[in-house]
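For the record, the sequence lines run as chains G and C.
When the count follows my numbering, it moves up by one through the first sequence with no breaks and lands on 293 for the last residue.
When the count follows my numbering, it moves up by one through the second sequence with no breaks and lands on 1262 for the last residue.
For glycine and all other residues, C-beta sits at the position ideal for the given N, C-alpha and C.
All values reported here derive from a predicted model rather than from experimental measurement.
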Amino acid sequence: MSLFLETLIGGVLAGTLYALVAIGFVLIYKASGVFNYAQGSILLFGALAFVSLKDAGVPVAGALAITVGLLIVTAIAIERLLLRPLTNRSPLTLFMATLGLSYVAEGVAQGFMGSQVRALDLGIEDLPMFLGDIMISQFDLIAAGVAALLVIALSLLFNRTRIGIQLRGVANDTLAALSLGIDINRIWQIVWAVAGLVGLVSGLLWGARQGVQFSLSLVVLKALPVLIIGGFTSIAGAIVGGVVVGAGESLAETYIGPFLGGGITPWFAYALALVFLFIRPAGLLGERQIERV
Amino acid sequence: MTRAVEAGLVRPPFLDVEAIEAVYGASILALHDVSLSVARGEIVALVGPNGAGKTTTLRAISNLLGAQRGALRGGTIRWQGEETRRLDPSDLVARGIVQVLEGRHVFGQLTVEENLLTGGYLRRPSRRQLAADLDRVYGWFPRLKERRSARAGLTSGGEQQMVAIGRALMTRPTLLLLDEPSMGLAPIIVAEIFAIIARLNREEGLSVLIAEQSANLVLDHADRAIVLESGRVVASGPSAELAASGRLAALYLGGADAPTRH
């Protein structure tokens, strides 16, 4: 029983990290209808910039501030140079553009900051904690706490601020938002900047765990099944999806793994996502269109 | 000029649309040659059958054609003397023109009140101003107050139309462009909505340009009407005259007594 609980809790906590990555996608998908393939590269870009600054001797707070500034500038540049010229194009065109963007972001990041693996020490020691006889990773617990704080901040932003309400309006019906004089370009800049910051937080947490390196941008591939399971349009869905994937992977590795010779983690999330595509294509909490007949 | 205006000799410019031509996707000609004007304080009806170019005309005025891959190819539109071609939709809303889109387009996932609020932020109002604007709209549409925390997508068609109009009123417009407000609504609800529009016009001096397919309904409330067919203006004049002349009915519109066209 304690093995089961330990596996489950470990999986759930790891899942919050998946959720964090997925939230970055949901934000952009909701506001501009684009699956932003470049989210992983931006995440890598943020983490790499932070590590480089820190290695260059900049204090943590300063490095964080500069990285945040860089991400905001990046978001504005993306909106100006990529989204605005492509307004009203098909979602596929936009998707291809983000694919291109991901190569540019990776190229720039590695060109300036090198491609070797960098260790990132956030000062969180990963000591195991014991709850009765269940072992919990302290790092995972803190990471989950950070994720929870971020989600609370985002939900306040969306539901309590003027920007947030306009942003949900734009996400819901762009033409109507235009007709009311909402500045869509500014809203997009804000959304991309917020998604960049969410990417930074997840990049730092992932990076602290496995080092900051090129493969960090591949967390995109982990986010995809999370989004399919949770729903592309819902932040709550991203959280639930992340937890389901995390817990599922962890339990499957422990209990089914031995029968299949292990190595379940890389594909389990996709198999689960496939099942969801069959039975619930909008995802667990995805918004289905409200339509009057 | 101002003195002439004060003396009532020259009407100050309000909305002037001159010989506009509009295309979709660079090839489909939607408007050939549409000219119209709205004076301050007027209700003008834009009538015509489906596909006549009513929506295109309104979107040309509010600069929303671009969002539908359309464009203005010729002619000029002036709002209070200023040419609008280079203005963004948000500039136009800030200058007092707001459009209520055909099919209402409420933000279905937002509550009724949040929908209204989205219209109110443009002028960066203080909290108190915003609350006052909201109260004003609730004054016009008391039913929205009762439904304020309902999700707009789950309200009735009439309520959604009220949300769409109320949301536009939150921008404090001088000219309201209404696109097919009666679409898909029960006659009694349509009458209620038209009555409110007429009162807004009378009591607040709001000018209105309404596009409507069912002409006899809107002519009761409009001062003047412009008849569009296949992207051209085919008739215009005071609504009473147009209605009396039988010309509208002959053209295709209106009630059950309209003769067929052949």
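With 7 Å as the C-beta to C-beta threshold (strictly closer), list the residues of the segment 1059-1092 of chain C near chain G in chain order.
Within the segment 1059-1092 of chain C, the qualifying residues are Ser-1062, Leu-1064, Ala-1067, Arg-1069, Pro-1089 and Ser-1090.
At a Cβ cut of 9 Å, what residues of the segment 1101-1115 of chain C count as close to chain G, listed as they run along the chain?
Hits within the stretch, in order: Leu-1101, Arg-1104, His-1105, Val-1106, Phe-1107, Gly-1108, Gln-1109, Leu-1110, Glu-1114 and Asn-1115.
Mind listing the chain G neighbours of Arg-1172 of chain C? Cutoff is C-beta to C-beta under 9 Å, in chain order.
Taking the first residue of the second sequence as position 1, residue 1172 of chain C is located at position 172. Within 9 Å Cβ-Cβ: nothing; Arg-1172 of chain C doesn't reach chain G, min ~11 Å.
Do you know how far the Cα of Asp-1033 of chain C is from the Cα of Ile-1226 of chain C?
To locate residue 1226 of chain C, count along the second sequence from 1; it is residue 226. To locate residue 1033 of chain C, count along the second sequence from 1; it is residue 33. Roughly 13 Å between the two C-alpha positions.
Quick check on the burial criterion: 16 or more other C-beta atoms within 10 angstroms. Buried or exposed for Trp-267 of chain G?
By one-based count along the first sequence, residue 267 of chain G stands at place 267. The residue in question, Trp-267 of chain G, is exposed, as its Cβ has fewer than 16 Cβ neighbours within 10 Å.
For chain G, is any of its Cβ atoms less than 9 Å away from the one on Gly-1158 of chain C?
Within the second sequence, numbered from 1, the residue matching residue 1158 of chain C stands at position 158. So, not an interface residue.
Using 8 Å for Cβ pairs, my map puts Leu-1154 of chain C next to Val-1044 of chain C. What's the rounded Cβ distance?
In the second sequence, counting from the first residue as 1, residue 1154 of chain C sits at position 154. In the second sequence, counting from the first residue as 1, residue 1044 of chain C sits at position 44. With 8 Å as the limit, Leu-1154 of chain C and Val-1044 of chain C do not qualify as a contact, their Cβ atoms being about 34 Å apart.
Please state the DSSP three-state secondary structure of Tyr-1121 of chain C.
The residue you call residue 1121 of chain C lines up with position 121 of the second sequence. Tyr-1121 of chain C falls in the coil class under three-state DSSP.
Thinking just about the alpha-carbon of each residue, which of G:Ile-42, G:Ile-78, G:Pro-128 and G:Val-198 is nearest to the one in Ala-147 of chain G?
As a first step, residue 147 of chain G is located in the first sequence; it is residue number 147 there, counting from the start. The shortest C-alpha separation from Ala-147 of chain G is found at G:Val-198.
Could you tell me whether any Cβ in chain G is nearer than 9 Å to the Cβ of Gln-1129 of chain C?
Counting from 1 along the second sequence, the entry for residue 1129 of chain C is found at position 129. Closer than 9 Å: no.
Which residues mark the beginning and the end of the beta strand (DSSP E) in which Val-1044 of chain C is found?
If you number the second sequence from 1, residue 1044 of chain C lands on position 44. 1043-1047 is the extent of the beta strand (DSSP E) around Val-1044 of chain C.
How many Å lie between Met-1001 of chain C and Leu-175 of chain G at the Cα?
As a first step, residue 1001 of chain C is located in the second sequence; it is residue number 1 there, counting from the start. As a first step, residue 175 of chain G is located in the first sequence; it is residue number 175 there, counting from the start. Legend: pLDDT at Met-1001 of chain C = 46, less than 50; position of this residue unreliable, no value from coordinates given.
Got a sec? Which residues, its chain only, sit under 6 Å from Tyr-37 of chain G by beta carbon, not counting five neighbours each side?
Start at 1 with the first residue of the first sequence, and residue 37 of chain G comes out as number 37. Taken in chain order, the residues that qualify are Thr-98, Leu-99 and Ser-102.
Report the residue from G:Val-170, G:Ile-182 and G:Arg-280 whose alpha carbon sits nearest the alpha carbon of Thr-1171 of chain C.
What you label residue 1171 of chain C is simply residue 171 of the second sequence in a count that begins at 1. Ranking the options by Cα distance to Thr-1171 of chain C, first place goes to G:Ile-182.
Any beta carbon from chain C within less than 9 Å of Asp-183 of chain G's own beta carbon?
Taking the first residue of the first sequence as 1, we reach residue 183 of chain G at position 183. It does; some Cβ of chain C falls within 9 Å.
Does Tyr-1121 of chain C have its Cβ less than 9 Å from a Cβ in chain G?
By one-based count along the second sequence, residue 1121 of chain C stands at place 121. Yes - at least one Cβ of chain G is within 9 Å of the one on Tyr-1121 of chain C.
Which residue's Cα is closest to the Cα of Val-226 of chain G: G:Gly-211, G:Gln-213 and G:Gly-242?
As a first step, residue 226 of chain G must be located in the first sequence, where it is residue number 226. Minimum Cα distance to Val-226 of chain G is reached at G:Gly-242.
Could you spell out where the beta strand (DSSP E) holding Pro-1013 of chain C opens and where it closes?
The residue labelled residue 1013 of chain C in the question sits at position 13 within the second sequence. Counting along the chain, Pro-1013 of chain C falls outside any beta strand (DSSP E), and DSSP gives it neither H nor E.
Which word fits Gln-1129 of chain C, buried or exposed, when buried means at least 16 other C-beta atoms lie within 10 angstroms of its C-beta?
As a working mapping, residue 1129 of chain C is identified with position 129 in the second sequence. That one is exposed.
Quick check: the segment 12-31 of chain G against the segment 149-168 of chain G, are there 3 or more CB pairs under 8 Å?
Touching, per the Cβ criterion.
Say whether chain G places a C-beta atom closer than 9 Å to the C-beta of Val-1208 of chain C.
Against the second sequence, residue 1208 of chain C aligns to sequence position 208. No, no contact with chain G.
Express the C-alpha separation of Gly-196 of chain G and Gln-1109 of chain C in angstroms, rounding to a whole number.
The residue given as residue 1109 of chain C occupies position 109 in the second sequence. The residue given as residue 196 of chain G occupies position 196 in the first sequence. Whole-angstrom Cα-Cα distance: 25 Å.
State the Cα-Cα distance for the pair Leu-301 of chain G and Gly-62 of chain G, rounded to the nearest angstrom.
Outside the shown range of chain G (1 to 293) lies residue 301 of chain G, about which nothing can therefore be said.
Count the other C-beta atoms from every protein chain shown that fall within 10 angstroms of the C-beta of Leu-1200 of chain C, then say buried if there are 16 or more, exposed otherwise.
Here residue 1200 of chain C corresponds to residue number 200 of the second sequence, with the count starting at 1. Buried is the call here.
Quick one: is Leu-1178 of chain C near chain G, going by C-beta distance under 9 Å?
As a first step, residue 1178 of chain C must be located in the second sequence, where it is residue number 178. No, no contact with chain G.
Could you tell me if Ala-171 of chain G is buried or exposed, where buried requires 16 or more neighbouring beta carbons within 10 angstroms of its beta carbon?
Taking the first residue of the first sequence as position 1, residue 171 of chain G is located at position 171. Burial call: buried.
Contact check, Phe-1141 of chain C vs Gln-1080 of chain C under 8 Å by CB: the rounded distance?
For the purposes of this step, residue 1141 of chain C is taken as the residue at position 141 of the second sequence. For the purposes of this step, residue 1080 of chain C is taken as the residue at position 80 of the second sequence. Going by Cβ atoms, the distance from Phe-1141 of chain C to Gln-1080 of chain C rounds to 28 Å, so no, they are not a contact pair.
Does DSSP put Gly-242 of chain G in a helix, in a strand, or in coil?
Within the first sequence, numbered from 1, the residue matching residue 242 of chain G stands at position 242. Three-state result, Gly-242 of chain G: helix.
Going by the CB atoms, is the gap between Leu-1242 of chain C and Leu-1206 of chain C shorter than 9 Å?
Reading the second sequence from its first residue, position 206 is the one you call residue 1206 of chain C. Reading the second sequence from its first residue, position 242 is the one you call residue 1242 of chain C. Not in contact: Leu-1206 of chain C and Leu-1242 of chain C (Cβ atoms no closer than 9 Å).
Throw me the rounded Cβ distance for the Ile-232 of chain G and Ser-115 of chain G pair, which I believe falls under 8 Å.
Translated into the one-based positions of the first sequence, residue 232 of chain G becomes position 232. Translated into the one-based positions of the first sequence, residue 115 of chain G becomes position 115. In the sequence as presented, Ile is not what sits at residue 232 of chain G; that position holds Phe. Actually they are not in contact, since the Cβ atoms of Phe-232 of chain G and Ser-115 of chain G sit about 31 Å apart, beyond 8 Å.
Over what stretch of residues does the alpha helix (DSSP H) that includes Ala-223 of chain G continue unbroken?
Taking the first residue of the first sequence as position 1, residue 223 of chain G is located at position 223. First-last of the alpha helix (DSSP H) with Ala-223 of chain G: 220-230.
Just checking: is the beta-carbon of Gln-1213 of chain C within a distance shorter than 9 Å of some beta-carbon in chain G?
Here residue 1213 of chain C refers to the residue found at position 213 when the second sequence is read from its first residue. No - not a single Cβ of chain G is within 9 Å of the one on Gln-1213 of chain C.
Less than 9 Å separating the beta-carbons of Leu-285 of chain G and Gly-230 of chain G?
Along the first sequence, read from residue 1 onward, the residue named residue 285 of chain G stands at position 285. Along the first sequence, read from residue 1 onward, the residue named residue 230 of chain G stands at position 230. Closer than 9 Å, so yes.
Distance, Cα to Cα, Gly-107 of chain G vs Ile-264 of chain G?
Reading the first sequence from its first residue, position 107 is the one you call residue 107 of chain G. Reading the first sequence from its first residue, position 264 is the one you call residue 264 of chain G. Each residue's Cα considered, the two are about 32 Å apart.
Would you decide whether Asn-1050 of chain C is buried or exposed? Buried here means 16 or more other CB atoms lie within 10 Å of its CB.
Locating residue 1050 of chain C in the second sequence gives position 50, where the first residue counts as 1. With fewer than 16 Cβ atoms within 10 Å of its Cβ, Asn-1050 of chain C is classed as exposed.
If the cut-off is 7 Å on Cβ atoms, which residues from the segment 158-175 of chain G count as contacting chain C, listed in chain order?
For the segment 158-175 of chain G, which is checked against every Cβ of chain C, the residues closer than 7 Å are Arg-162, Ile-165, Gln-166, Arg-168, Gly-169, Asn-172, Asp-173 and Leu-175.
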